[in-house]
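Going down the list, the protein sequences come from chains A and B. According to my numbering, the first sequence is numbered sequentially starting from 1. According to my numbering, the second sequence is numbered sequentially starting from 1001. First up is the structure itself, then whatever we jot down about it.
2 protein chains.
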Amino acid sequence: MEHILPNLAKGRAPLEPEKLIRREPLEPGTFKRMIRKMGLKVTQQRLAILESLSAGRAHVTAQEVFETVNARYPEIGFATVYRFLRKMAEQKMVTEVRMGGLPARYELTPRRHHDHLTCKLCGQIVEFESPQIEALQEQVAKEHNFRLTHHVLELYGDCARCRTG
Amino acid sequence: MEHILPNLAKGRAPLEPEKLIRREPLEPGTFKRMIRKMGLKVTQQRLAILESLSAGRAHVTAQEVFETVNARYPEIGFATVYRFLRKMAEQKMVTEVRMGGLPARYELTPRRHHDHLTCKLCGQIVEFESPQIEALQEQVAKEHNFRLTHHVLELYGDCARCRTG
DNA sequence: CCCCTAATTGACACTCGTTCTCATTTATGA
DNA sequence: TCATAAATGAGAACGAGTGTCAATTAGGGG
């Protein structure tokens, strides 16, 4: 199992602190409620995964979640993390963000919709909201007689810090 | 190498005919010029790959390109296809589209930039252009001090025909 | 409170798209 | 024509993610 810690092993550069749209704090008991709402059993592993997702940085990879949770509960397997993340993504409880061919990143689905601006060089993710873009998307769909259900809008570029060296 | 033909083997459902923004036909000699413009050597393999890309449907996977080219030139290896597609993507000669965790799809970078509106039900892809959305994207990037290099905008919905049954 | 049972787990083998390696072949500028 | 750097093909390797299966556990019914 040599791929458990590939990211740490590669000494990936530490990321910028994220610029996040404000998120509501989670009260105790919320996690259990979330799990039950999905029709699943409440286990220590699942609670630990949710805790890790809500406490740490947003937009983490499954491996990062695994590492965090594994540090406190060394017996947890990464299959459990992947499985639970997938199940939560299906139920829209977490949102999966994929950039290029890189590992998927997850965030607890935020109350407010937003899109992402990603630095190709350092991986930093900035969230943004643009009601104007949303409106134009609706207009495009209407022109083609589509009823819009969802969209993916990811902007890629080089952030100021990476550009100036 | 049992994964050479996974898509054919799986009997993927045929897609709707695509609605494409008009593309200019390519004159003979264009391919050689394109390759030279990238600073690469002109080989039969590369010509065959470009031919396949320009002749068939847009938005093909590397495996599909390999299969097409391999049918006519059985000695070509898939590494060559992948390598060339990657190189062309780096130089923006082809555009890579990744949705979800699915294999990347490629298209010869069209002269006119466009995004995609996809029907979730029948798989139909409608291409559209929205300079207004592009402009707003630039503005978002500017606000966050990013230099925008590219973006992914995919709209999903139900087309008129599928909705009305 | 205890049991039963289906859900969940951990270990790890496996899949599959993609990239790497390296010995051989080939395009092209001199 | 030749030298040489680039390109190729074969196949191994990589890495994210999924499947399998025996062992464990949550939690509803009694």
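Idealized CB from N, CA, C, for every residue including glycine. These numbers come from a predicted model, not from an experiment.
- Here DSSP, grouped into helix, strand and coil, assigns Tyr-1106(B) to strand.
- Within the same chain, Cβ atoms closer than 6 angstroms to the Cβ of Ala-141(A) are found at Leu-148, the five residues on either side in sequence being excluded.
- Among the residues of the region 122-153 of chain A, those with a Cβ less than 7 angstroms away from any Cβ of chain B are Val-126, Phe-128, Ser-130, Gln-132, Ile-133, Leu-136, Gln-137, Val-140, Ala-141, His-144, Asn-145, Phe-146, Arg-147, Leu-148, Thr-149, His-150, His-151, Val-152 and Leu-153, in the order of the chain.
- Residue-level contact check: Tyr-106(A) does not touch chain B, since none of the beta carbons of chain B fall below 9 angstroms from its beta carbon.
- For Leu-117(A), the C-beta contacts it makes with chain B under 8 angstroms involve Val-1140, Ala-1141, His-1144 and Phe-1146, in order along the chain.
- Looking at the backbone, the Cα of Arg-33(A) and that of Leu-47(A) are separated by about 10 angstroms.
- For a Cβ distance threshold of 8 angstroms, residue set Arg-98, Gly-100 and Gly-101 of chain A lies close to Arg-1098(B), ordered along the chain.
- By the 16-neighbour rule on beta-carbons within 10 angstroms, Ala-1058(B) is buried.
- Taking the CA atoms as reference points, Glu-134(A) sits about 22 angstroms from Cys-119(A).
- The Cβ neighbour count for Gly-157(A), taken over all protein chains shown within 10 Å, is at least 16; the residue is labelled buried.
- The beta carbon of Gly-1165(B) sits no closer than 9 angstroms to any beta carbon of chain A.
- Listed along chain A, no residue sits closer than 8 angstroms to Ala-1062(B) by beta-carbon distance, the nearest being about 12 angstroms off.
- Residues of chain B with a Cβ closer than 8 angstroms to the Cβ of Lys-120(A) are, in chain order, Thr-1149.
- Three or more Cβ pairs drawn from the region 99-108 of chain A and the region 62-76 of chain A lie within less than 8 angstroms of each other, which places the two stretches in contact.
- In the DSSP assignment, Phe-1146(B) falls outside any beta strand (DSSP E), carrying neither H nor E.
- Residue contact check for Ala-1058(B) against chain A: no CB pair falls below 9 angstroms.
- The alpha-carbon separation between Met-99(A) and Gly-29(A) amounts to approximately 33 angstroms.
- Secondary structure note for Glu-1090(B): its alpha helix (DSSP H) is the uninterrupted segment 1078-1090.
- Under the 9 angstroms criterion on CB atoms, Ala-55(A) is classed as non-interfacial with respect to chain B.
- For Ala-160(A), the C-beta contacts it makes with chain B under 9 angstroms involve His-1144, Asn-1145, Phe-1146 and Arg-1147, in order along the chain.
- Annotation: Cβ neighbours of Leu-155(A) in chain B (cutoff 7 angstroms, chain order): Gln-1137, Val-1140, Ala-1141, Leu-1148 and His-1151.
- Ranking Ile-76(A), Thr-164(A), Asn-145(A) and Val-81(A) by CA distance to the CA of Ala-1160(B) puts Asn-145(A) first.
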